[in-house]
Structure formats: structure tokens, C-alpha cells
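To start, the structure under review is shown below, and the notes come after it.
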Amino acid sequence: MAVTAARTVVEVGYGGNERLMMNMGPQHPSAHGVFRAILTLEGETVVAVDAVIGYLHRCHEKLAETLTYVQYPSIASKTDYVAAMTAELAYVSSVEKVGAIEVPKRAQWLRVIVAELQRIASHCLWLGTWCMDMGGALGGGATIFLYCLREREAILDLFESLTGARLLYGFHQIGGVRYDIPAGWAAHARQTVAHIERRLDEYEALLEGNAFFEARTRGVGVISRDLALEVGIAGPLLRGSGVGFDVRRAEPYSSYENFPFTVPTETAGDCHARYRVRMVEFRQSIAIVRQALDGLPEGAISSRPGVKSVGQVRVAKGEGYARVEGARGEVGCYLVSDGGPKPYRLKWRGASFSNLAVLPHIIPGHKVADVVAIMGSVDPVFGEVDR
Amino acid sequence: MTVATSAVTAFILLNAVILMVTYVTLLERKFAARMQSRIGPFYVGPRGLLQPIADALKLMMKEDVVPTAADRGVYNLAPIVFLVPCLLIFATIPFAPGLGLADLNIGVLFFLAVSSLEIVGLFMGGWGSNNKYALLSAMRAVNQIISYDLPLIFAALVPVVLAGSLQMSAIVAAQQGLWFVAYPIIGQLAFLAFLVATLAAENRVPFDILEAESELVAGFRVEYSGMKFALIQLGEYAHMIGSSFLGALLFLGGWLGPGPEWLGPLWFMLKAVLIFLLVTWVRWSFVRIRVDQILAVSWKLLLPATLLILLGTAFWVAARGSGGGV
């Protein structure tokens, strides 16, 4: 009964007496991973939800204590495997902060480029899977899903020619990045983002003003500003609820202060608002990629070139927290170093984990079909939730 | 017709329908693939043409799993109860003058009445599976079919009133001059309402809340496998084709078309496929709407609208002084 003890059930008032307990997950077509929602239904209406996580726990934080600073960035990417670049960035940023390690300008620019491309790729996957949650694998949702994956592939191609990998990159290293862009990559990247920009117009034409899409998203899963701040959600969810907080703007890292961009906010707080925020973010990311490619400085890509041994990097005794704006919100690492080649302790702050905490507050009162729409709009990645 | 000839005709018709259903799935998959910038089935047979056969064989050879908690009798009977009405509707469809099993004088009524019977099989499947997803789906099924059968009937009654007969061949004959879909305003509105109601009656996106695989996994058929699953699938597609044929008969002039008379069945088939593709097009473009929204669309919009169209048609026919001989 450990699960029962840990559960936080938020209920709405109900008048009937016929209830049905239904397990949604951990194996479910739209669970976005291994998430289990124990729904209490009254007819079609959800009166209570019990969110169970932990099915994908892989001891990431303990693993960080056993791997050296040189080794771990590749593993860090496995926390949020849909936006691996920003997860790596969060880890190396925390090490660089604690160890006061310089990062050359060119490396910072490259980090910005890959982080923004990653955001586009991650949002592509989000839009596709979210529409599939609402439209079904045998319906219009699958159409958008396939379109979005097509666009995501283009970005994965870019990453592949940059790092050799398509999902988990190992691109970042302490003090810089591991690879410089190959010849012709910048032009290819420009082409790709221009292409995606055109496709975004198509998606908006397909979805916005579409009565079915509007009916499924407007007024569904409303997160009020107060609730958003109280639960501590981040990223597009927070901005969809009217809080214009973005780590890139609030606490610039990796020279983000040099890139002008807008932080979109919507006040409605519903699924549609979150959709709008992410659609603007798509375009803002494209704009940032272009700026970064235009102004890419010359110079070294790492302050610590060449890996001689895995224990090469040692970080002075100390502790610190570094955070970055991932595709799903604030991703951060709290690092405690005892001066050795491995962290003494590492704590991940996963955006999906905090965002998921809002589900029990907003799901009750909605229909079963809305549960998947709301879950999709939260965009959780379970590697990051359970770590 | 003697009993023997009827039996032979029925046998041929049944097999033709089943063959058509298998190939319509291929058509839909290819169509959807093109919409989604894919190729679709390609490897089985020349350009994937044998894919439906392979699918059917695969389903036949699959293990038949019956959940231990299922109500075995109801569970096993459900696919058959579901399939029979779906195939029975073809009995009254004439494919050309005199070419068909039974051109009943109450053909349209028979079609609509029998096609609504599939809900019994649906509910049995959902109930007998003893699965919560299936149960929810069965509940939705009853809701939806009740809500959408009325608009469907009212929309289908518009051509009946215009033609003054419930007999399919008489309805086609009445469209000799002008197809009913081309009648100003009432024709188009009734056709539109018919299409929407058929979409719902066929459980297709955006009204596929019964299946709703993103929330209810596969709805009422979540526990079915192998041949039973194939039978349900067959029934669904047969219903879909049957409805397309009905639409072509009622609104698009059935077998009427340019060219010699023997081209009639071809025209008929073409029109039915056109309606089928229209429905498929809608299916692969929209997201699903919620159960409460589906009911709202039916009771608040479709039902009053179809009633008004029917009333308008009746007044028009009465004023013109023709038809109305039911």
C-alpha cells in the first residue's frame, strides 16, 4: 500500500454513487512513456486522479556519482531523451559553474544553436504526439504526427552530421563542445529552419480555426496563474498561464543575453494557450538559430581540448546550481563537488517532473478524453520525470 | 425469384461484398498514405495489391485469445451479431435496375432499421469482454448511435419525400432529370447532414469515440483477437461501404450516368467510392471530438437542422403538388 500512502488525490464534489476505477497506463497508447494514472470515473467524468510515476527510474543521480565529469555528459542526455542537448547542457553548465571553467565564445554560440534546434525538434514531437492523443492513430492526429516527425527528422539529420548521433549526442563537454560544425553545415541548417518555418504556417492553417481542434483545446485543462506558481511548473506551461518567465531571459547562460528574442505568454492557461506559446517558441528558436549562425565567432570550441583520461577534469570543492531553459521548462543540476574527478552528489531538476505535478489539480472534472489531451499538452518525457 | 436463385444471388453478393471490403481497406490505406506523404502498403504483391489478402490470412491464423474474466457466450456471439446486420444491409441495395437481391418497397426503411441493429453487437462485445475500456466504449456506442440515427433517418427521408417512395429503385428513377443532391439548398443541406450522420454512425474520426484508441485503447474490441477481430473489422467496413452505396442511391442518382445502360453499376460503384473517399478524407484530416461535444452536435445542431430540412422539403413537395405518395 505504499502507493496509496503517497498519493495525493484531489477531488471535485460529486453527487452520484456509481464509480469506476480505471488504470490508464503504465502501458497505454497515449501515456507518453510509462505513466500510470489511476482515474476514478463517474460515467465519463473524471472525479479523481492518482498519478503514479517511477516506472522508468534508472538511478541517474547515483550514476552521476560513479562516473567522472568527462564521462557523464553522454549519460546526462538520457534523462530527457527527447531534448538530449539541453539535458547535457544543464549538466556541463553546473560543472562549469562550480569549477569556474571558462567556455570559449564559439562554443557558447554552438551550444545556443544546438539548444534551439533541439527545442524545435522537441516541439515537433510534442505537436505530433499531442494531436495524435486527440485525433487518434487512425485519424487526423496521425496525419499531423507524421508531418511533424518528417520535420523532426530534418533536424536529427543536422545533428547526425554534427555529432554522428541522432538521439543522444554527447555533444557537450566540460569547457566547451566536442565537435565543430562541418563544412556546409551552416547553410544546411539555414535551409532546414527555413523549410520548417514554412511548414509551421501549414500546421497553423490546418489546426487553427479548425472547429474540432478548437473544441478539444479551448478551456480544457486550465492552469490558473496562482496554481502555476504554487505547483512550480515551468516552461511553456508557465508561460501559457500568464507568467513570462524564461531562464534564457531571467538568468542568461551561454551568452543568451546577446540574442534578442521574445518570450511568448498567453493568459488563458488552457491547452490552446500552451499550444500558442509553443508555436511562437518554434519561430523564436528559428530566429535565434539564424542570429547565432550569422554571428558565429571564430576561435576554439573548448577551453579544455583533448581528452587524455576520463579522470582528467577535477572540480574544486564547492557546490552550485545551474539551470537552462529546456524544451519543457527549467532543467537544472545541483552539483556538490569534493574536489575529486567525480561529483560527490548530483541532483537533477527535471522540468517534466515538476510539470507533471499539476495534473492532479487540473484533470478532475474533465472527461476521459480530456485526460489525454491535457497530458499531451503538458508534454512530459518520462526519462526526465523518473530519471 | 425462387429460393434457389435467391440463395445463389445472396452467396455471390456476400462474397462480392467481402472482397470489396478487403480492397476498400487497401484503398483507404493508400489514400491515407498519400495524405500523410507516405507510400502505404507496397511489398505484398505488385505495388502492395495483395496486402488485404495477407492481412486477412494473418488474422485468420492468429491465436484466438478469450479473456478468463469474459462472459464467454456474449463475448463469442458479439462479432457475429455485429457482422450480420452490416452484411444484411446489402440485401436491399439494387446495383442496377433489376440487379440486386431484393428491391423491397420499403428498402430505405429496411436499410436504416437493420444498420442500427449493429449496436446490439457492439454493446455485447463491450459488455462481454469484461474490460473497463470496452465497457466505457459500449456506453459511448449506445449514446452515439441513438443520437445519430435520428438525424440520419431524417436526412435520408428527404430524398424519400422528394421521390415519394421508400423503394430504392424508385428513388433512383425519380432522379432521372436531376440528382437530389443538385436540388437547390435542400439537396445540398440534406446530403451534408447525411454525410455527417453517416460519419457518426460508422464511428469514424472525428466521431470515433467508440474506438478512441488514445484513451480507450481500442474500445469495445480491445479484447478481441484473430478471426473475431477480423469479423468486427469486416462488419465496420461493410457498414461503411453500405452507407456509401445508400448515399449514392439517395443523393447522387445511383446508377444514372452518361453512356449505355450497362455502365450503370460502374457509375454506381464510382459514386459510392467517391463518398467513401470523402469520408476517408475527413477521417484523416480532423481530430476526434469529445463525447459530450458529439452529443451536443447531434441534439443541438444536427437533429433540429435535419428536421427543418425535412419540413421544408415536405412543404415544397406539397406546394408543387407532386410526390408524397408514401
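Chains W and F, in that order, give the protein sequences. Residue numbers for the first sequence follow this note's numbering, so the first one is 437 and each next one is one higher. Residue numbers for the second sequence follow this note's numbering, so the first one is -14 and each next one is one higher. All residues carry an ideal CB built from backbone N, CA and C; glycine is no exception.
Indicate the three-state DSSP secondary structure (helix, strand or coil) for W:TYR757 in the structure shown.
W:TYR757 sits in a strand when the DSSP states are folded into three classes.
Spell out the partners DSSP gives F:GLU196 in its beta bridges.
Answer by DSSP bridge pairing: none, since F:GLU196 is not bridged.
> Within 8 Å (strictly less), CB to CB, does F:GLY310 reach chain W?
Replying inline: Because F:GLY310 sits at a pLDDT of 43, beneath the cut-off of 50, its placement in the model cannot be relied upon, and the point is left open.
Taking the alpha-carbon of F:VAL181 as reference, which of F:LEU295, F:ASN61, F:PRO136, F:LEU234 has the nearest alpha-carbon? Each of F:LEU295, F:ASN61, F:PRO136, F:LEU234 was checked against the Cα of F:VAL181, and the nearest Cα belongs to F:PRO136.
Handout entry: Cβ-based burial, F:GLN161 [other Cβ within 10 Å; buried from 16]
Key = Counting the other Cβ atoms within 10 Å of the Cβ of F:GLN161 gives fewer than 16, which makes it exposed.
| message | For chain W, check one thing: does any of its Cβ atoms lie closer than 8 Å to the Cβ of F:VAL127? | response | At a cut-off of 8 Å between C-beta atoms, F:VAL127 does not count as an interface residue with respect to chain W.
Between which two residues does the alpha helix (DSSP H) holding W:VAL485 run?
W:VAL485 -> not in any alpha helix (DSSP H); beta strand (DSSP E) instead, spanning 481 to 488.
Checklist entry - Should F:ASN0 go down as buried or exposed, given a rule of 16 or more other Cβ atoms within 10 Å for buried? => result So F:ASN0 ends up on the exposed side.
What number of angstroms, rounded off, separates the C-alpha of W:LEU603 from the C-alpha of W:ALA519?
Taking the CA atoms as reference points, W:LEU603 sits about 8 Å from W:ALA519.
*Nearest to F:TRP240 by CA position, among F:MET225, F:LYS256, F:SER228, is which residue?*
The shortest Cα separation from F:TRP240 among F:MET225, F:LYS256, F:SER228 belongs to F:LYS256.
| Tell me which same chain residues have a C-beta within less than 6 Å of the C-beta of W:ILE722, skipping the five on either side of it? | Only residues of its own chain outside the window of five on either side were considered, and among them VAL629, GLU633 have a CB closer than 6 Å to the CB of W:ILE722, listed in chain order.
**Report entry** Every unbroken alpha helix (DSSP H) inside the stretch 566 to 626 of chain W [4 residues or more]
**Finding:** The qualifying runs are 576 to 599.
- Query: Taking Cβ positions only, does F:TRP252 come closer than 8 Å to chain W?
  - Reply: Using a CB distance cut-off of 8 Å, F:TRP252 does not count as an interface residue toward chain W.
Item to complete: Report all residues from its chain with a CB closer than 6 Å to the CB of F:PRO79; omit the five preceding and five following residues, and keep chain order.
Response: Taken in chain order, the residues that qualify are GLY85, ASP88, MET153, SER154.
- Mind listing which residues of the stretch 511 to 526 of chain W have their C-beta closer than 8 Å to chain F's C-betas, in chain order? Taking 8 Å as the Cβ-Cβ cut-off, the stretch 511 to 526 of chain W has no residue approaching chain F.
For the stretch 129 to 146 of chain F, list every residue whose C-beta sits within 9 Å of some C-beta in chain W, in sequence order.
Under the 9 Å Cβ criterion, the stretch 129 to 146 of chain F contributes no residue.
*Residues that DSSP places opposite W:SER691 in a beta bridge*: Per the DSSP secondary-structure output, W:SER691 pairs with nothing in a beta bridge.
inquiry  = Mapping the DSSP letters down to three states, classify W:ALA467 as helix, strand or coil.
reply    = In the three-state DSSP reduction, W:ALA467 falls in the coil class, being neither helix nor strand.
When you compare each of F:LEU248, F:ARG268, F:ILE130 to W:GLY571 by their alpha carbons, which one comes out closest? Between W:GLY571 and the set F:LEU248, F:ARG268, F:ILE130, the nearest pair of CA atoms involves F:ARG268.
Could you tell me the boundaries of the beta strand (DSSP E) in which W:TYR770 lies?
-> Annotation: the continuous beta strand (DSSP E) that includes W:TYR770 extends over 765 to 773.
Run through chain W and tell me which residues come within less than 7 Å of F:LYS321, C-beta to C-beta.
Since the displayed chain F opens at -14 and closes at 311, residue 321 of chain F lies outside it and no answer follows.
Check: So with Cβ pairs under 8 Å, would you call W:ALA438 a contact of chain F?
Finding: Caution applies to W:ALA438, whose pLDDT of 39 falls short of 50 and renders its modelled position unreliable; the model cannot decide the point.
Checklist entry - DSSP on W:TRP545, reduced to helix/strand/coil? => result In this structure, W:TRP545 counts as helix in the three-state DSSP scheme.
**Asked** Residues in its own chain within less than 7 Å of W:GLU596 by CB, not counting five upstream and five downstream?
**Response** ARG602.
Taking its Cβ as the centre, do 16 or more other Cβ atoms sit within 10 Å of W:HIS631, making it buried, or is it exposed? Exposed is the call here.
Checklist entry - Where do the ends of the alpha helix (DSSP H) carrying F:PRO250 lie? => result It spans 249 to 268 - the alpha helix (DSSP H) in which F:PRO250 sits, taken as one unbroken run.
I'd like to know if W:ARG443 contacts chain F, where contact means its C-beta is closer than 8 Å to some C-beta of that chain.
Bear in mind that the predicted position of W:ARG443 carries a pLDDT of just 44, short of 50, making it too unreliable to give a figure here.
request  = Quick one: using the 10 Å Cβ neighbour count with 16 as the cut-off for buried, is F:VAL311 buried or exposed?
outcome  = Reliability fails at F:VAL311, whose pLDDT of 39 lies under 50, so the model's placement of it is uncertain and the value that follows must be treated cautiously. Exposed, by the Cβ-count rule.
Pick out whichever of F:PRO289, F:PHE253, F:ARG206 has its Cα sitting closest to the Cα of F:LEU62.
Looking from the CA of F:LEU62, the closest CA among F:PRO289, F:PHE253, F:ARG206 belongs to F:ARG206.
Check: Listed from N- to C-terminal order along the chain, which residues in the stretch 582 to 608 of chain W have their beta-carbon within a distance smaller than 8 Å of any beta-carbon of chain F?
Finding: Cβ contacts with chain F come from LEU582, TYR583, ARG586.
What residues in its chain sit with their C-beta under 7 Å from that of W:LEU771, if we drop five residues either side in the sequence?
For W:LEU771, the CB contacts under 7 Å within the same chain, skipping 5 residues up- and downstream, are SER530, VAL531, VAL534, GLU755, GLY756, PRO779, LEU782 in chain order.
Report task. Check the Cβ of F:ILE104 against every Cβ in chain W and list those closer than 8 Å, keeping chain order. Result -> The contacting residues do not exist; F:ILE104 stays about 18 Å from chain W at best.
I'd like the list of long-range same chain contacts for W:ARG542, defined as Cβ closer than 6 Å, with 5 residues on each side in sequence excluded. If we look at W:ARG542 and ignore the five residues flanking it on each side, its Cβ neighbours are PRO733, GLY735, ILE737.
- Query: Just checking, does the stretch 124 to 135 of chain F make contact with the stretch 212 to 219 of chain F on the three C-beta pairs under 8 Å criterion?
  - Reply: Using a C-beta cut-off of 8 Å, the stretch 124 to 135 of chain F makes no contact with the stretch 212 to 219 of chain F, since fewer than three inter-stretch Cβ pairs fall below that distance.
### Query
So, is F:PRO31 buried or exposed, given that buried needs 16 or more other C-beta atoms within 10 angstroms?
Around the beta carbon of F:PRO31, fewer than 16 other beta carbons lie within 10 angstroms, which makes this residue exposed.
Open item on the list: Excluding the 5 residues flanking W:CYS584 on each side, which residues of the same chain have their C-beta closer than 6 Å to its C-beta?
Closed with: Excluding residues up to 5 positions away in sequence, CYS560, LEU563, GLY564 lie with their Cβ nearer than 6 Å to the Cβ of W:CYS584 in the same chain.
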